[in-house]
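Novice: The following block contains the structure, expressed as structure tokens.
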Amino acid sequence: MAETTRGGGSSSPSIERPTVFIPDAWAEKADAIAYDAETSPPPVTLICGAKNTGKSTFSRHLLNTLLTRYKRVAYLETDLGQPEFTAPGCLSLHVIDKPTPDLTILCVKTPERCIFYGDVSSKRDPKSYLNNIFSLYDYFRMQYRSSRSEISRKAMLPLVINTPGWIKGTGYDMLVEMLRYFVPTHVVKIRITVDSKNLPPGAFWLDKNEEVQVNVIDIDAARQDSSKRSVLVRKDARLMRDLRLIAYFRQCFPSDMNITTYKELAHALASLPPYQVPISAVKVMHLHCEVPNNENFHSLNATIVGLAMNYGKSADSTPCVPWCFGLGIVRSIDVSNGLLYIITPVPRCNLEKVDLLLQGFIEIPTCLLQVSGCLSPYMSTNVMHRIEAPDMNAQPRCQSHAVKFMPELSTNYL
């Protein structure tokens, strides 16, 4: 069992009990943000800095600290590659009411709102990425920071915003746009000894003549070398993404089910009866690429998709961002019978609302596809539930139909 330590001692983890080291300076700054008497409404804190400096660790520590004062804390995840509580490729807003004492454990939580961007980087479409982030923030502001009379000051929530490791180029420009849009009360910049790897000093996103009330906090990265210099922590980004996807699809099974290896999870997924989905019941949106119409559904086979609800267009005729209920694996496609087969941990009460499949570039971890003696998860042949096709007498707007998942005896479909 891992544990979290605060201050003093070495930052090297114990072999028997791996630890996350929280320096005294980090703990003091988190306490100051949480208990700042002048912060009303509650603080909005954005954490930024280079990759692998400890932004996620500080974000979760700050989240835990805020929960000692507030009953609930909002958490906005903007890091596509290494999100804290969801699978890669997702942008999400969470409302957390319980602390996470062990910061070393991958913790999957159900977001209040989620958008499937479909990639681990925003480089393919920065504009869409920012629009998605701003949509999540607008939802937070409307629900938890609004001045509407029905929302009392006591109901307003603090917000923690975790960001990718942007310090230059297009990423830097996007970070500036985010800071200007969010107008946070606190900005925590995590720095290392090498200045070229740090963000500019002060409130770098503001123009010289702008006067905005903001508390800029500089802290050193927790990891230090033998010369006591703050340094980056090297991580295997691909491995971390795979582990998060594995943790996500592990939710398909009861928590007390004994699954401790990749092979056991691969076997469990291969034997899990999928949902049977009529192609007529859903629409497909391909993110960041174009697919020929005759390949629209074929391209989904053996891929991870976002399970979303299509909201059509807003009052000004601009497309609404579809909220995503979670991810699924398209196990197989039966084109002749017009059926898709999907496995997912998303609860049936939410699956009934899904009418849109979002395909991006999130791939099934190879460790689940290369287990000796095991069928790939999308190749098994049992069916557990059926989605009924929309009423053929209804108006031809399949995106407006809530899909219905109905119990069905296990049958072969190959």
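Quick note on numbering: the UniProt record's numbering labels position 275 of the sequence shown as 275, and the sequence is numbered without any gaps.
Here a beta-carbon is modelled for each residue, glycine too, at the ideal position from N, C-alpha and C.
(1) Between the stretch 174-181 and the stretch 17-36, are three or more C-beta pairs nearer than 8 Å?
(2) Judging by CA-CA distance, which residue of Glu352, Ser336 and Gly49 is the nearest neighbour of Val187?
(3) Starting from Asn162, trace the alpha helix (DSSP H) in both directions and tell me its first and last residue.
(4) Give the range of the alpha helix (DSSP H) segment to which Ile246 is assigned.
(5) Apart from the five residues on each side of it in sequence, which residues of its chain come closer than 7 Å, Cβ to Cβ, to Ile15?
(6) Assign Phe134 to one of three DSSP states: helix, strand, or coil.
(7) Give me the Cα-Cα distance between Phe116 and Tyr129, rounded to the nearest whole angstrom.
(8) In whole angstroms, give me the CA-to-CA distance for Ile96 and Asp256.
(9) Just reading off the alpha helix (DSSP H) that Trp205 is part of, what are its end residues?
(10) In the DSSP output, which residue or residues are listed as bridge partners for Tyr341?
(11) Run the CB neighbour count on Gln276, radius 10 Å, all protein chains shown included, and call it buried at 16 or more, exposed below.
(12) CA-CA distance, Val216 and Glu295?
(13) Considering only residues of the same chain and omitting the five flanking positions on each side of Asn337, which have a CB-CB separation below 7 Å?
(14) How far does the alpha helix (DSSP H) with Pro264 in it reach, from first residue to last?
(15) Could you work out which residue in Tyr341, Glu77, Lys189 and Asp138 is closest to Leu93 when comparing CA atoms only?
(16) In this structure, how does DSSP classify Trp323 when only helix, strand and coil are distinguished?
(17) Whole angstroms is fine: what's the gap from Cys202's alpha carbon to Val305's?
(18) Which partner residues does Gln359 have in the DSSP bridge list?
(19) For Ser128, which of helix, strand or coil comes out of DSSP?
(20) Going by beta carbon distance, what residues of the same chain come within less than 7 Å of Val20, once the five residues before and after it are set aside?
(21) Does the distance from the CB of Leu179 to the CB of Ala74 come in under 7 Å?
(22) Name, in chain order, the residues that DSSP records as bridge partners for Phe116.
(23) Using the Cα positions of Cys289 and Trp166, report the straight-line distance between them to the nearest angstrom.
(24) Cα separation between Cys324 and Arg241?
(25) Does the CB of Glu211 have a neighbour CB from chain C at under 7 Å?
(26) Identify which residue in Tyr70, Lys29 and Asn52 has its Cα closest to the Cα of Pro41.
(27) Going by C-alpha distance, which of Asp218, Pro254 and Asp79 is nearest Pro347?
(28) How is the beta strand (DSSP E) around Lys189 delimited, first residue to last?
(29) Do you know how far the Cα of Ala266 is from the Cα of residue 447?
(30) How many angstroms separate the CA atom of Thr68 from the CA atom of Ile161?
(31) Report the three-state DSSP secondary structure of Val108 (helix, strand or coil).
(32) Could you give the DSSP three-state label for Ala281: helix, strand or coil?
(33) When DSSP labels each residue in this structure, what does Leu67 get in the three-state scheme?
(34) Got a sec, what are the start and stop residues for the beta strand (DSSP E) residue 430 sits in?
(35) For the beta strand (DSSP E) containing Asn293, list its first residue and its last residue.
(36) Determine the contact status of Gln251 and Pro345, defining contact as a CB-CB distance below 7 Å.
Specialist: Taking the definition as stated:
(1) no
(2) Reading the sequence shown from its first residue, position 187 is the one you call residue 187. Looking at the Cα atoms, Gly49 is the closest of the given residues.
(3) For the purposes of this step, residue 162 is taken as residue 162 along the sequence shown, with counting starting at 1. Counting along the chain, Asn162 falls outside any alpha helix (DSSP H), though it belongs to the beta strand (DSSP E) covering Leu159 to Asn162.
(4) If you number the sequence shown from 1, residue 246 lands on position 246. Counting along the chain, the alpha helix (DSSP H) containing Ile246 begins and ends at Ala237 to Phe249.
(5) By 1-based counting over the sequence shown, the position of residue 15 is 15. Note that Ile15 scores a pLDDT of 35, beneath 50, so its modelled location is shaky; the value from the coordinates is reported in the next line. So the list is empty, once near-sequence residues are dropped.
(6) Numbered from its first residue, the sequence shown carries residue 134 at position 134. In the structure shown, Phe134 sits in a helix (DSSP, three-state: H, G or I).
(7) Mapped onto the sequence shown, residue 116 falls at position 116. Mapped onto the sequence shown, residue 129 falls at position 129. Computed Cα separation, rounded: 10 Å.
(8) Here residue 96 refers to the residue found at position 96 when the sequence shown is read from its first residue. Here residue 256 refers to the residue found at position 256 when the sequence shown is read from its first residue. Ile96 and Asp256: Cα-Cα distance of roughly 23 Å.
(9) Looking up residue 205 in the sequence shown gives position 205. First-last for Trp205: undefined, no H or E at that position.
(10) Within the sequence shown, numbered from 1, the residue matching residue 341 stands at position 341. DSSP lists Gln276 and Ser332 as partners of Tyr341.
(11) For the purposes of this step, residue 276 is taken as the residue at position 276 of the sequence shown. Looking at its Cβ environment, which holds 16 or more other Cβ atoms inside 10 Å, Gln276 is buried.
(12) Locating residue 216 in the sequence shown gives position 216, counting from the first residue. Locating residue 295 in the sequence shown gives position 295, counting from the first residue. If I take the Cα positions, the gap works out to 51 Å.
(13) The count along the sequence shown starts at 1 and reaches residue 337 at position 337. Once the five neighbours on either side are set aside, Asn337 has no close Cβ partner at all.
(14) One-based indexing of the sequence shown puts residue 264 at position 264. Before going on, a small fix: residue 264 reads as Glu here, not Pro. Per DSSP, Glu264 belongs to the alpha helix (DSSP H) from Tyr262 to Ser271.
(15) Locating residue 93 in the sequence shown gives position 93, where the first residue counts as 1. For the residues Tyr341, Glu77, Lys189 and Asp138, the minimum Cα distance to Leu93 belongs to Glu77.
(16) In the sequence shown, the residue the question calls residue 323 occupies position 323. If DSSP states are grouped into helix, strand and coil, Trp323 belongs with the strands.
(17) What you label residue 202 is simply residue 202 of the sequence shown in a count that begins at 1. What you label residue 305 is simply residue 305 of the sequence shown in a count that begins at 1. A quick correction: the sequence has Gly, not Cys, at residue 202. Cα-Cα distance, rounded: 41 Å.
(18) Working through the sequence shown from its first residue, we reach residue 359 at position 359. Gln359 pairs with His286 and Val305.
(19) Within the sequence shown, numbered from 1, the residue matching residue 128 stands at position 128. Three-state DSSP puts Ser128 in a helix.
(20) In the sequence shown, residue 20 corresponds to position 20, counting from 1. Here the set comprises Thr4, Thr57, Leu103 and Thr104.
(21) Counting from 1 along the sequence shown, the entry for residue 179 is found at position 179. Counting from 1 along the sequence shown, the entry for residue 74 is found at position 74. It is not a contact, given that the beta carbons lie outside the stated cut-off.
(22) In the sequence shown, the residue the question calls residue 116 occupies position 116. Cys90, per the DSSP bridge assignment.
(23) Mapped onto the sequence shown, residue 289 falls at position 289. Mapped onto the sequence shown, residue 166 falls at position 166. Approximately 25 Å, taken between the alpha carbons.
(24) Against the sequence shown, residue 324 aligns to sequence position 324. Against the sequence shown, residue 241 aligns to sequence position 241. Distance between the alpha carbons of Cys324 and Arg241: 19 Å.
(25) Considering every chain present, this structure includes no chain C. It has just one protein chain.
(26) Mapped onto the sequence shown, residue 41 falls at position 41. The shortest C-alpha separation from Pro41 is found at Tyr70.
(27) As a position in the sequence shown, residue 347 is number 347, starting the count at 1. Nearest C-alpha to Pro347: Pro254.
(28) Here residue 189 refers to the residue found at position 189 of the sequence shown. That run of the beta strand (DSSP E) goes His186 to Arg191.
(29) Outside the modelled stretch of the chain, which goes from 1 to 414, sits residue 447, for which no answer is possible.
(30) Mapped onto the sequence shown, residue 68 falls at position 68. Mapped onto the sequence shown, residue 161 falls at position 161. Cα to Cα, Thr68 sits roughly 18 Å from Ile161.
(31) Translated into positions along the sequence shown, residue 108 becomes position 108. Note: Val108 maps to coil in three-state DSSP.
(32) Along the sequence shown, one-based indexing puts residue 281 at 281. DSSP places Ala281 in helix when its eight states are reduced to three.
(33) Here residue 67 corresponds to residue number 67 of the sequence shown, with the count starting at 1. Three-state DSSP puts Leu67 in coil, outside helix and strand.
(34) Residue 430 falls outside the range modelled here, since the chain spans only 1 to 414, and no answer is possible.
(35) The sequence position of residue 293 within the sequence shown is 293, counting from 1. Segment: none, Asn293 is in no beta strand (DSSP E) and carries neither H nor E.
(36) Locating residue 251 in the sequence shown gives position 251, counting from the first residue. Locating residue 345 in the sequence shown gives position 345, counting from the first residue. Their beta carbons are under 7 Å apart, which means Gln251 touches Pro345 by this criterion.
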